[in-house]
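Residues in the sequence shown are numbered from 19 upward in steps of one, following my numbering.
Each residue gets a CB set at the ideal place from its N, CA and C atoms; glycine is no exception.
Please read these numbers as outputs of a predicted model, since none were measured by experiment.
Below is one structure, written out as structure tokens, with a few remarks after it.
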Amino acid sequence: MGITVSHSVMLAHCHALTQACGYTEAETITNVLDFKREAGLWHGVLASVMNRMHVISIPYSLMKVNPLSWIQKVHTYKARVAVVKSRDMHWSLLAQRDQRDISLSSLRMLIVADGANPWSISSCDAFLNVFQARGLRPEIHMVVNIPPKPYAFFLRPPEMGVPPPGKAVLSMGGLSHSVIRVDTEEKLSVLTVQDVGQIMPGALVCVVRVEGTPYLCKTDEVGEICVNSGSTGVAYYGLPGMTKNIFETIPVTSSGIPVSDRPFTRTSLLGFVGPDNLVFVVGKMDGLMVVSGRRHNADDVVATALAVEPMKFVYRGRIAVFSLSVLHDERIVVVAEQRPDASEEDSFQWMSRVLQAIDSIHQVGVYCLALVPANTLPKAPLGGIHISETKQRFLEGALHPCNVLMCPHTCVTNLPKPRQKQPEVGPASMIVGNLVAGKRIAQACGRDVAQLEDNDQARKFLYIQDVLQWRAQATPDHPLFLVLNAKGTVASTASCLQLHKRAERVAAALMGRLNTGDHVALVYPPGIELIATFYGCLYAGCVPVTVRPPHPQNLATTLPTVKMIVEVSKSVCILTTQAIMKLLKSKEAAVAVDTKSWPMVLDTDDLPRKKSSQMYKPPTPEMLAYLDFSVSTTGILAGVKMSHAATSALCRSIKLQCELYPSRQIAICLDPYCGLGFALWCLCSVYSGHQSILVPPLELESNASLWLAAVSQYKVRVTFCSYSVMEMCTKGLGSQTEALRLRNVNLSCVRTCMVVAEERPRIALTQSFSKIFKDLGLSSRAVSTTFGCRVNVAICLQPNRLGKLAEQGTAGPDPTTVYVDMRALRHDRVRLVERGSPHSLPLMESGKILPGVKVIIANTETKGPLGDSHLGEVWVSSPHNATGYYTVYGEEALHADHFNTKLSFGDTQTVWARTGYLGFLRRTDLTDASGERHDALYVVGSLDETLELRGMRYHPLTSRPLSSDLTRA
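This is the structure we're talking about:
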């Protein structure tokens, strides 16, 4: 920004400089400063022209090459006056040893016009001590303060009769509270300042408070120095608003009376007026940082850091200190350029000492101390570090430091007190409170299975294997499965009879080797072999355990997981293909696991066409049917037990929810090893009789359009996928929609695309998927979500207006989206806000609750029911709940309440299973198929993944802004 200077102001200021400095005609002046601005312009051009003086200007580029060039010119031309900065004096001290035969006896005045650190006297004193032997007279030393707006107003002319320079030793603690407290030099927490001279002729000076109304400061207070003079600038050029604040300040007394009718100009300098009208400067407004109500100057913090042996680790002039707002207060950040030869260990030791020094001297903690590679900090146009640009890069995470030391615990002292948890509320108080608030108990249920009448012939069978035998007799040629390869062609198919025959051969192979109830690990790639061996195990009375096969190119990571599941499930046999059997016993596998410890491994590629003599019939439907193993998001391997009764109930519930009939086709692009993906692959087609088009997700790595092309080719109305499949299609096919259209890929046939996951719905991904493939005919309402967990793999499914009831709209309302306040979630409360509100989090309904499923929201600690729109743990009661965890360590009792728990009050008879997920129920204004108001279930996240800090619960997915800020820092 530029300062407006009138002709009268220019002339008056030159007269004042001439009078104060005693300039005479034909004197020689050496100017090291920039002659186009500030002190270099006034002394080196304007005042010298007015007095017809000789001027020797030394450019900055020459000073970098030869720091002694200005002293050499003083000696050569017998200069009487020199205008320099403290930086030039410091450089001269470092280079003077190599220079001899220099005399400074001709100097009568040395002007130190340092806008960067005008109150520092260390360089001045050191320069005087060294160059006194070269003829420099101590009485000619003069410090001049040149703020950019009022130019030069504090001078110490070297004349007789003027008071000697005054020094003050001030307490840093007092200065941080804007008061003057004299201290002793023996202490480290003091600041020694020298006066910058007396007020120039014709000028008035006062000190006002920094913030608010410009009240005059007391004599022992530090404030901003203001100047009134006829030789000052009159305005900022083109900035009338800032001009009024800076150039038209009217100081007032404590009673509100103006001290003068003439306006004063703010200098942006912090200081006070001492004895004999001497002006002391202790800092600048630009570097002022207010931390916890105390004021600290950035240059003082830099000086403290430089006092800790900086030359070995960082560059002296390449340190930036600024503050940023963290948790409603300013925090100090120090950034410095590290020398290339400094090791990481030495740098961290230096950083630790700097933090200790700043803490002991300034009584303030440093939030972050970062060292960046040399020459990477942004430079200001006139040299030095660009502070605001450095701060911006720090906030954006673009500094790329090589060493970082963060100490938030030492500086963030204003954290709120931990939330005090209220004493346990009794059952009566909870019920009365909900009634008074007009809130019902947060409980919802799907349709009643017993009242649903349909032509489900499979209902009369208690076991899923009996359903397969019945279908093999009733409809032997009805197609059940169709598997596609990466090229989109049919790799294999299976009808009811074919699947039954293959399962019989597996059962015949097992009955001679295994006992009833033995656990068998099924290690197969996705395909019909996996399904056939599963039913073969049920025919033989064995308990199947599906296991994802190891990846041939990544045995070191994937094979130990296979080994762990086989051991934890107590499998006595492994059924697999010939290729995988060789892989399990290969030399490469021996590096990752002990190949000799595998149980019996059977290859089912070429089983003899042998029929089992007798099918196994379980004595009760509550017996174990299969084990479902999965690795949770927290890295824990969890296996659940599924009974025959739960398996049949699961299939029936999915059949009723999705309206699955033998005439229907569905496409499945899921992994078939656990959860709902396994149920859809292996169980539902056999129970409902529909044809499943199976697309292994691994094939999409070589052909990203395989799944969508199959949906289009077979005109599938219902399809299931995972979030990974959806993300793969979104990223891999986002720019290829036109090419897919040319290949006649049309998704207008899709009525429902359900995403299977045990997590909160990913709104951004589902919306992006719908938007990208809208051009291929995909309805914006087609994509919906599901929700399941370890205790119940299918709690919610959202079919959108399917089958014969589509026209009547009886499939239920579309999923709704709400926006909740993330800050309220930390206190286990749900507060709905508008879209786009600060701290808002979008949540999509997790789907429609399945028939026969009841859901309630319970308090995680009291285990009591909560009201509508209260955040709590989702509990589920259903015939297809798992019966318990299966572990080899005998720790079932530790998690017994996960599958068999009851409410502490209210309905204390119903047995519930704890899902381990936090969520809430909300009754909407929409109506479902029965005409009742629709209850929407919203899942927030897993209880195991939450972090409880100071009584507040943080959810990982809602903590992204804070975590990203810390990562960038």
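Boundaries of the alpha helix (DSSP H) in which Leu602 is found, first to last residue | Gln596 to Leu602
Opposite Asp621 in the DSSP bridges: which residues?
-> Thr594
Report the option in Lys881, Ala512, Ser896 and Arg940 whose CA atom is closest to the CA atom of Gly924.
-> Lys881
Residue range of the beta strand (DSSP E) that Thr511 falls in?
-> Val508 to Ser513
Measuring CA to CA, which of Gln709, Thr770, Gln754 and Ala757 is closest to Phe738?
-> Thr770
Could you tell me the distance, in whole angstroms, from the CA atom of Val871 to the CA atom of Val422?
-> 52 Å
Which one or two residues does DSSP pair with Phe499 in a beta bridge?
-> Ala512 and Ser710
Extent of the continuous beta strand (DSSP E) run through Ile376 = From DSSP, Ile376 is part of no beta strand (DSSP E) but of the alpha helix (DSSP H) over Glu362 to His380.
Ignore the nearest five residues each way along the sequence and tell me which others in Ala113's own chain have a CB closer than 6 Å to its CB.
-> Pro85 and Leu86
When Lys733, Thr511 and Phe265 are compared against Val763, the one with the closest alpha-carbon = Lys733
Work out the CA separation of Lys614 and Gln683 for me, nearest whole Å.
-> 44 Å
Just tell me which of Pro817, Phe552 and Tyr634 has its CA closest to the CA of Ser671.
-> Pro817
Helix, strand or coil at Asp646 according to DSSP, with G and I counted as helix | strand
Report yes if the C-beta distance between Val774 and Ser740 is below 8 Å; otherwise report no.
-> yes
Can you tell me the Cα-Cα spacing of Arg971 and Gly959, whole angstroms?
-> 11 Å
Go ahead and pull the three-state DSSP assignment for His427.
-> helix
Expressed to the nearest angstrom, what Euclidean distance is found between the alpha-carbon atoms of Val658 and Thr564?
-> 12 Å
Roughly how many whole angstroms lie between the Cα atoms of Gly192 and Arg199?
-> 6 Å
Are there three or more Cβ pairs, one per stretch, closer than 8 Å when the stretch 711–729 is compared with the stretch 775–787?
-> no
Give the single residue among Ser730, Asn393 and Lys82 whose Cα lies nearest to the Cα of His108.
-> Lys82
Is DSSP giving Gln114 helix, strand or coil here?
-> helix
In three-state terms, what does DSSP make of Gln693?
-> First, the residue type needs correcting, since residue 693 is Gly and not Gln in the sequence shown. Correct three-state label for Gly693: helix.
Among Pro680, Leu668, Val353 and Phe791, which has the Cα closest to the Cα of Gly695?
-> Leu668
Report back the beta-carbon spacing between Asp377 and Thr428 to the nearest angstrom; my notes put them in contact at under 8 Å.
-> 7 Å
How about Leu154 and Leu122: are their beta carbons less than 8 Å apart?
-> yes
Taking just the CA atoms, how far does Asp294 sit from Gly179?
-> In this prediction, Gly179 scores a pLDDT of 49, lower than 50, which makes its location untrustworthy; the coordinate-derived value is nonetheless stated afterwards. C-alpha separation (whole angstroms): 12 Å.
Simplified DSSP assignment, three categories, for Thr737 = strand
Starting from the Cα of Val223, find the closest Cα among Glu239, Tyr254, Ser895 and Phe282 and give me that residue.
-> Phe282
Three-state secondary structure (DSSP) of Asn246 | strand
Taking Val390 and Pro419 to be in contact with their CB atoms under 8 Å, please state how far apart those CB atoms are, rounded to whole angstroms.
-> 5 Å
On the three-state DSSP scale, how would you describe Gly40?
-> coil
In angstroms, rounded to a whole number, what distance separates the CA positions of Ala526 and Gln596?
-> 19 Å
With 16 other Cβ atoms within 10 Å as the buried cut-off, status of Lys673 | buried
Quick one: grab the DSSP three-state call for Ala900.
-> coil
Contact under 8 Å by Cβ, Ala8 with Val584 | Missing from the structure shown is residue 8; the chain here goes from 19 to 987 and no further.
Chain-order list of residues whose beta-carbon lies under 6 Å from that of His33 (same chain, five-residue window excluded) = none
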